[in-house]
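Everything in the sequence shown is counted per the working numbering, starting at 7 for the first residue and increasing by one.
Yeah, the Cβ is synthetic: ideal placement off N, Cα and C, and Gly gets one too.
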Amino acid sequence: MIGRMMPGKRRIVYEAVKGDILRGAIAPGSLLLGENSLAENFGVSRVTVRLSLAQLESDGYLSRLPRKGWKVRSIAASRICQKTVSAFVSSGISRGAVEELCDGIREGFGGGATILKNLIPQQSNLLSSEGLDLSRCDAVAYLSGTGIAPRHLEMIRRQNVPCVSIFFDARAEYDCICPDNPGATRKLVEHMLEKGRRRILMIECALNDPSFEMRAREFKSLRESLDFCGDSVKIPINFVGNDEASRIIAAIRRKKIDALICVTDNIAKFMLLHLLKAGIDVPKKVAVAGFGNDADPMETALYGIKRMTSIGYRHRQLGIVAGKAIATRIASPEMPPVKATVETELIAGDST
């Protein structure tokens, strides 16, 4: 803290006003006493008061309003000013989405924040607890929907760093931002029906994740209310192996399947690769869609797809919600974990 380097009188004013702000004695949004009144109360010059308040402004506690005075910023914003947040991101997320997310986190904080971006390898056994050093971080935004999420979150917990989990429902252990909401799967199914697809296969993932389970439950319930023939298959955590892909492709050739809905974009991309190798035209022979809207167009272009159809969300908005959650956690560390949702939308691409 720069305040530690101040001359004695400036430091007294600085610490006294800061203490009143953090204790709530001065309400957020209210104006301080005038500089002359403060100088009289502390028995110092007006110049000393002004320099102390200027430092409080630099540290994020106050805002200066021309011709009005000094306004108290929110406690959450003041406590996170000049904080460092480590954004651990699965390598399955496109670079553009990562940038939007980090911009949103900065905005959601409401104050200055340095974002350290660490792209986690998909097969994250490369990342050991010894190699995960969060000593420079005041908080962590963890973004991953893969099977290694619980392991990473446990590593973060051991270092006692405030964390918000994005995508992965941490089951009330951490603050969590879940983009899923009721009706997300229905949007994809109705889209497939509009495209004339009636034989839909949902590819699930053998991972005990509430988001995946919710999508699968909704898909099964829709078979009773909508006019389509639906089935589902559960595949290993390490996505679709050759055997599973071969069986699905064989069913497509026999015209038993004309649409694939995958619980993640990564599974959808893997299926696009196998379909390309098998010479099956997408979307003419089979339509493919996923969840997440994080497939990199440069990658899907390798499979002949400009943009993959997906259920998505605006990554910046997701970051804003996450940033606000971390700000609240830093300001109120004893508060019970919270769970928030972000509205999803259908992103129609040329894979359907």
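In this structure, MET220 lies away from ALA293, with their beta-carbon atoms at least 9 Å apart.
Counting only the Cα atoms, MET208 lies some 8 Å from ALA222. Ranked by how close their Cα comes to the Cα of GLN323, the residues ALA212, ARG112, LYS261 and ILE18 have ARG112 in first place. Using a Cβ distance threshold of 9 Å, GLU230 and GLY189 do not count as a contacting pair. Under the three-state reduction of DSSP, TYR319 is assigned to coil, being neither helix nor strand.
Between the alpha carbons of ALA257 and ARG203 lies a gap of roughly 15 Å.
Inclusion of SER100 and ASP356 in the CB contact set at 9 Å is not warranted, their separation being larger than that value. Here the alpha carbon of ALA274 sits roughly 51 Å from the alpha carbon of ILE27.
In the three-state scheme derived from DSSP, where H, G and I count as helix and E and B as strand, ARG70 is classed as strand.
When the five nearest sequence neighbours on each side are left out, the beta carbons in the same chain lying within less than 6 Å of the beta carbon of GLU63 are those of ARG70, in order along the chain. Looking at the backbone, the Cα of PRO342 and that of CYS182 are separated by about 12 Å. Under the three-state reduction of DSSP output, CYS143 falls in the coil class, being neither helix nor strand. For the options GLY102, SER316, CYS184 and ILE162, the alpha carbon positioned closest to that of THR358 is the one of SER316. Rounded to the nearest whole angstrom, the C-alpha separation of LYS193 and ALA295 is 11 Å. A Cβ-Cβ separation of about 7 Å places ALA93 in contact with LEU149 under the 8 Å criterion. Beta-bridge annotation (DSSP): VAL294 is paired with LEU266. Beta-carbon to beta-carbon, ALA265 and ILE311 are separated by about 15 Å, too far to satisfy the 8 Å threshold.
Between LEU57 and VAL50, the alpha-carbon positions lie close to 12 Å from each other.
Separation of THR191 and LEU38 (C-alpha to C-alpha, rounded to the nearest whole angstrom) is 52 Å.
For LYS261, the secondary structure class from DSSP, reduced to helix, strand or coil, is coil.
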